[in-house]
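Colleague:
Numbering (our numbering), first residue to last: 383 to 535.
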């Protein structure tokens with residue numbers, strides 16, 4: 383299995399620096415970290431009931447269910463971008479409108495157990511995808527959402 387090195391500036395859209403900064407500096411094995419983080423999230427969500435997961439702190443804000451749906455959609459999108467670039471695709475990938483996707487996700491209509499199970503399966507799938515890539519694929523670059531990035535980023 384090829385290791386994913388920590389992305390360097392210029393390998394990703396600077397917009398995402400705030401998220402990269404949230405990965406602890408001592409994380410060396412990102413695959414282990416992704417698996418552990420997925421299990422932590424699943425265990426956290428198991429302790430929440432549907433009623434609490436449907437609450438909003440303001441009428442125009444997302445519920446916990448909608449946030450989970452957004453996390454699932456976003457993780458899928460980033461995994462697809464990784465695959466797109468790693469396979470050498472030269473066409474640019476468009477961005478996403480998270481408000482549009484959120485409105486159309488129907489996450490608020492689904493049982494919370496479905497959402498946390500889907501999140502777990504999604505994360506597991508993506509770990510396998512990332513583990514399948516070789517160093518050359520990880521280093522390939524492409525354009526997504528108007529920015530240059532490497533598959534490994």
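Here a beta-carbon is modelled for each residue, glycine too, at the ideal position from N, C-alpha and C. Note that this is a predicted model, so its numbers are computed, not measured.
What would DSSP say about residue 384, mapped onto helix, strand or coil?
Modeller: It is coil, neither helix nor strand.
Colleague: Could you check if residue 463 is buried or exposed, using at least 16 other CB atoms within 10 Å of its CB as the buried criterion?
Modeller: Classification for residue 463: buried.
Colleague: What residues are listed by DSSP as bridge partners for residue 532?
Modeller: Residue 532 is bridged to 523.
Colleague: Can you confirm whether the region 437-447 touches the region 498-507 when touching is taken to mean that 3 or more C-beta pairs between the two stretches lie within less than 8 Å?
Modeller: With a cut-off of 8 Å, the region 437-447 and the region 498-507 do not count as touching, because too few Cβ pairs lie within range.
Colleague: Taking DSSP as the reference, what is the three-state secondary structure of residue 393?
Modeller: Here residue 393 sits in coil by DSSP.
Colleague: Using CA coordinates, which residue listed in 524, 525, 515 and 492 is at the minimum distance from residue 413?
Modeller: Measuring from the Cα of residue 413, the nearest candidate turns out to be 515.
Colleague: Skipping 5 residues on each side, what residues in its chain have a beta carbon closer than 6 Å to that of residue 389?
Modeller: Closer than 6 Å at the Cβ level, and outside the excluded window around residue 389, lie 535.
Colleague: Identify, in the order they occur along the chain, each residue of the same chain with its Cβ nearer than 6 Å to the Cβ of residue 517, setting aside the five sequence neighbours on each side.
Modeller: Cβ within range, chain order: 384.
Colleague: For the region 392-399 against the region 485-493, are there 3 or more C-beta pairs whose distance is under 8 Å?
Modeller: The region 392-399 is not in contact with the region 485-493.
Colleague: Note down the Cα distance separating residue 459 from residue 526, rounded to an integer number of angstroms.
Modeller: Their Cα atoms are separated by approximately 10 Å.
Colleague: Should residue 508 and residue 480 be called a contact, given that it needs their Cβ atoms to be closer than 8 Å?
Modeller: For residue 508 and residue 480, no; Cβs fall outside 8 Å.
Colleague: Ends of the alpha helix (DSSP H) at residue 451?
Modeller: 446-468 is the extent of the alpha helix (DSSP H) around residue 451.
Colleague: What runs of the alpha helix (DSSP H), each 4 residues or longer, lie entirely inside the region 414-449?
Modeller: Whole alpha helix (DSSP H) segments, 4+ residues: 432-435.
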